[in-house]
Structure formats: C-alpha cells, structure tokens
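Sequential numbering from 1 applies to the sequence shown in the UniProt record's numbering. These notes are about the structure you will find just below.
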Amino acid sequence: MKFDQTAEHIKVQARHTERHIKEQFKKLHQFLAEEEEDRLAALREEEEQKSGMMKEKMEALSREIAALSDTVRATEEEVQRCPLLDDPQLPSGALIDQAKHLGGERKQLPDNPERIHLFYSVLGSEGFNSGTHSWDVEVGDSTGWELGVLAKSVEKKKELCAGLWKIKLCEDKYYAHSPSAPLTALVVQKKLQRIRVNLNWNSGKLSFSGPDTNKHIHTFRDTFTEKINPLLWLIIIGQDTVKHRT
C-alpha cells in the first residue's frame with residue numbers, strides 16, 4: 001500500500017514539475033521575444049540615426065562643394081573682367097631724350113626688306129599666324145597716327161593698304177580701313193590716348209577698345225591667310241611722342 005502511494009505521489013510530483021518547467025520556459029520565451037523586439041527596435045533606431053547623420057553630412061558636403069564651385073566660377077569671371085596689368089613704366093623724362101640730341105643726324109643703315117620706307121612706322125618684331133593675342137598702344141596726345149596689323153607678304157617699300165587693317169586719327173577725326181572695306185568714319189566721344197588691340201587670327205577678328213573702360217572702338221572681321229605683324233605709324237609734329245607695348 002505504501003508503495004502505491006509513493007508511486008502516485010511521484011506521478012503528481014512529475015506533473016507539477018512539468019507544469020512548472022513549461023511555465024518557466026513560457027516566461028523565458030516571452031522575455032526573449034520582448035528582448036528580441038527591444039533590441040531590433042534599438043538597432044533600427046540607431047540605423048535611422050546614423051543614416052540621418054550621414055545624409056546630413058553628405059548634404060553639407062554637397063553645399064560646400066557647390067559654394068566652392070560658385071567661388072571658383074566667380075573668381076574666373078572676375079579674372080576675365082579685370083584688365084591686363086601694365087608693365088611698370090618709368091617716370092616721364094627719366095631717360096635721356098636721344099631724339100632731341102640726335103634728331104638731325106641721318107644714319108646709313110643696311111637695306112632691310114622689313115623696313116617700311118614711305119612712312120614713319122614701326123613694325124612689331126613678332127608676327128602671328130594663329131591663336132589669340134592682345135597688346136596696348138599708348139598714343140598720348142599725338143595729333144595723328146595709324147595702328148593695326150600688316151600682312152607679312154606686303155611689299156614694305158610700296159603702298160601698304162593691300163594688306164593693312166587699321167584705325168587712324170587724322171585732322172581730329174577717327175577712321176577705320178581694311179583691304180576688304182572702304183575708309184569708314186568712327187564715332188569716338190573722347191580723345192583716344194591708349195588703345196587695346198585684340199587679335200583672334202583663327203576666327204579672322206581684329207578689334208580695338210579702350211583698355212581702361214573696355215569701351216569698344218571698332219572690329220574688323222576678315223579671313224587671315226598669312227602671318228601678320230602689329231604696325232604703328234606716327235605723324236611727327238613738334239613734341240608728339242608715342243609708346244608701344246606688345
């Protein structure tokens with residue numbers, strides 16, 4: 001009898017222990033599920049936070065790059081607008097006036113096919129047959145002058161007009177002339193004392209403007225087929241002088 005009671009007690013004890021184990025594991029499963037959900041939620045929150053932070057940094061970097069690009073573009077535009085700096089100039093009268101002392105002396109010089117015989121002219125030593133070039137000519141208070149470019153093939157001892165693109169001052173009036181266009185009067189509001197010459201050989205464009213104000217004076221459009229040199233011609237009256245910078 002005692003053994004039967006013991007066996008029954010063991011069965012009851014086993015069922016009780018089983019229920020207890022199941023309840024504990026049920027609680028453990030619930031805890032683990034809640035812990036899993038909490039950790040996944042925390043992971044998603046951190047992911048969103050870090051992603052948002054990286055997005056803000058990328059947007060800030062994009063704004064900085066855009067601002068830097070605007071600064072570079074503005075600087076390039078400013079450089080394009082700024083006039084070319086002049087070479088340092090000596091004060092007027094700093095050098096000996098050789099023309100005053102030697103003006104009456106005639107020199108015997110060897111013949112040079114590049115020398116222009118008919119006018120008091122100076123031909124630029126450097127010629128151009130491609131590209132873009134710019135130079136300034138200071139005519140000051142000269143009462144008459146011509147400046148432009150001359151084709152290399154032109155016979156220097158004869159008439160130059162066949163290969164000369166020029167603007168000029170004559171009797172207080174300004175004119176433009178080229179091989180393909182007749183003499184044309186120019187409207188100039190203020191006396192020209194300094195002129196900038198801009199040459200684009202490839203596109204056949206030769207323009208004149210005021211270097212200080214960038215005010216347009218005249219533009220030739222033609223087709224250049226050979227080397228051309230800067231040319232300056234001066235009427236010598238009294239103390240008129242000219243400075244030429246190429």
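Beta carbons are placed, not taken as given, at the ideal position from N, Cα and C, and that holds for glycine. No experiment lies behind these values; they were computed from the predicted model shown.
Checklist entry - Which same chain residues, not among the five before or five after S153, have their C-beta less than 8 Å away from its C-beta? => result G163 and E226
Checklist entry - Pick from I167, Q49, D141 and S178: whose alpha carbon is nearest that of T223? => result S178
Next on the checklist: Whole angstroms are fine: how far does the CA of F208 sit from the CA of R81?
Outcome noted: 16 Å
Item to check | Distance between beta carbons of V197 and V122, contact taken as under 8 Å | outcome: Contact doesn't hold; Cβ gap of about 14 Å is too wide.
Checklist entry - What is the DSSP secondary structure of S69, reduced to helix, strand or coil? => result Helix, per DSSP.
Item to check | Rounded straight-line distance, which links the Cα of A74 to that of A60 | outcome: 21 Å
Item to check | Sequence-distant residues of the same chain with beta carbon closer than 6 Å to S134, five excluded per side | outcome: Scanning its chain for C-beta atoms nearer than 6 Å, with the 5 sequence neighbours on each side dropped, one finds around S134 the residues N198, in chain order.
Checklist entry - When burial is assigned at 16 or more other CB atoms within 10 Å of the CB, is F220 buried or exposed? => result buried
Checklist entry - According to the neighbour-count rule (16 or more other Cβ atoms, all chains shown, within 10 Å of its Cβ), is L43 buried or exposed? => result exposed
Next on the checklist: Following a CB-centred definition, is V149 positioned closer than 7 Å to any heavy atom of the ligand COA?
Outcome noted: No copy of the ligand COA appears in this structure; indeed no ligand is present at all.
Item to check | Simplified DSSP assignment, three categories, for V154 | outcome: coil
Item to check | For M54 and G210, the rounded distance between their alpha carbons | outcome: 54 Å
Item to check | Closest by C-alpha distance to G124, when choosing among L150, E23 and I65 | outcome: When only C-alpha atoms are compared, the closest one is L150.
Next on the checklist: Using a Cβ-Cβ cutoff of less than 8 Å, which residues in the same chain neighbour Q193 once the five nearest sequence positions on both sides are dropped?
Outcome noted: E138, V139, G140 and D141
Checklist entry - What separation, rounded to the nearest whole angstrom, lies between the Cα atoms of N200 and F128? => result 10 Å
Next on the checklist: Measuring straight from C-alpha to C-alpha, what distance separates I10 and A41?
Outcome noted: I10 and A41: Cα-Cα distance of roughly 46 Å.
Item to check | Cβ-Cβ separation, L186 to I217 (assumed contact under 8 Å), whole Å | outcome: 7 Å
Item to check | Cβ shell of S130 (< 8 Å), same chain only, five flanking positions each side left out | outcome: W201 and N202
Next on the checklist: Tell me the rounded alpha-carbon separation between H20 and K27.
Outcome noted: 11 Å
Checklist entry - What is the DSSP secondary structure of K50, counted as helix, strand or coil? => result helix
Checklist entry - Is DSSP giving K205 helix, strand or coil here? => result strand
Checklist entry - Does the distance from the C-beta atom of W233 to that of W165 stay below 8 Å? => result In this structure, W233 sits away from W165, with a CB-CB distance that is not shorter than 8 Å.
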